[in-house]
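If you're matching positions, the sequence shown starts at 1007 in this note's numbering and goes up one per residue.
We treat Cβ as the ideally placed atom computed from N, Cα and C, and that holds for glycine.
Just so we're clear, the structure is a prediction, and the values are computed from it rather than from any experiment.
For reference, the structure is listed below as structure tokens.
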Amino acid sequence: MSSNEDRRSGVASDPKEELAIRFVNTAAWRLRSSREERLPNAQAFLQWLAGNIPGSEQPLALINARWRAHPQGSAKAYEAAIALREAVYELLVARIADVAPPIEALEHFNALLVQPADGIRLGTIAGELVWCIDGASDPDLLKPIIMSAVNLMTGPKAHRIRQCQDDRGCGWLFVDESRAMNRRWCSMGDCGNRAKAQRHYRRSRGKSDSPSS
């Protein structure tokens, strides 16, 4: 198993990436015929939130207890989370391609954007402001992701959004922070390293196949 495969075997994500992109990337191998779902159920979604939104453990524990008592509610909240993820993905990919956003995805996103969510607040982690979940309602879970997506799509990083060019169909998104804005891979330690190894192999084969002088 390659390091890239191993990295996608769980829900861990790069804390340096924008929250919205980390959420979108919970679907792995998006450009394959059969992608891999890294949030298979509501419990996995809560686990992801706990690992990506610091300071939210107590309200998430309350929501978890309610979901265990009322599984139908958890199923509905999970479906809403996945629908948001796919809408954000479609909007970001449209931004990358510099085309008009899909109307259905935009309308779905806007409908969630205007929903009230009183249980979120700004907190500080290591001196930086971050979104925190401070309530126990299901809409509270999505609002930090929604606000992250809004800031990403309308802010100064919008033109730096990229999609990994790995030829196996990785499809993960990232923000290109390089000075030359020429980053092609989700991570040089994974897809980028594999592409580099492939180029080296092709060059080596080319030299070995050439007629000797």
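- For Leu1179, the uninterrupted beta strand (DSSP E) segment begins and ends at Leu1179 to Val1181.
- When secondary structure is reduced to three states using DSSP, Ile1139 falls in the strand class.
- C-alpha of Ala1164 to C-alpha of Phe1180: approximately 11 Å in a straight line.
- Residue burial annotation: Gly1161 is exposed, with fewer than 16 other C-beta atoms found within 10 angstroms of its C-beta.
- The region 1063–1078 makes no contact with the region 1097–1108; the number of CB pairs closer than 8 Å stays below 3.
- Cβ contact annotation for Phe1051 (same chain, cutoff 7 Å, sequence separation greater than five): Leu1045, Tyr1084 and Ala1087, in chain order.
- Taking the CA atoms as reference points, Ile1139 sits about 13 Å from Leu1025.
- According to DSSP, Ile1109 shares a beta bridge with no other residue.
- Residue state for Ala1123 is assigned as coil, using DSSP reduced to three classes.
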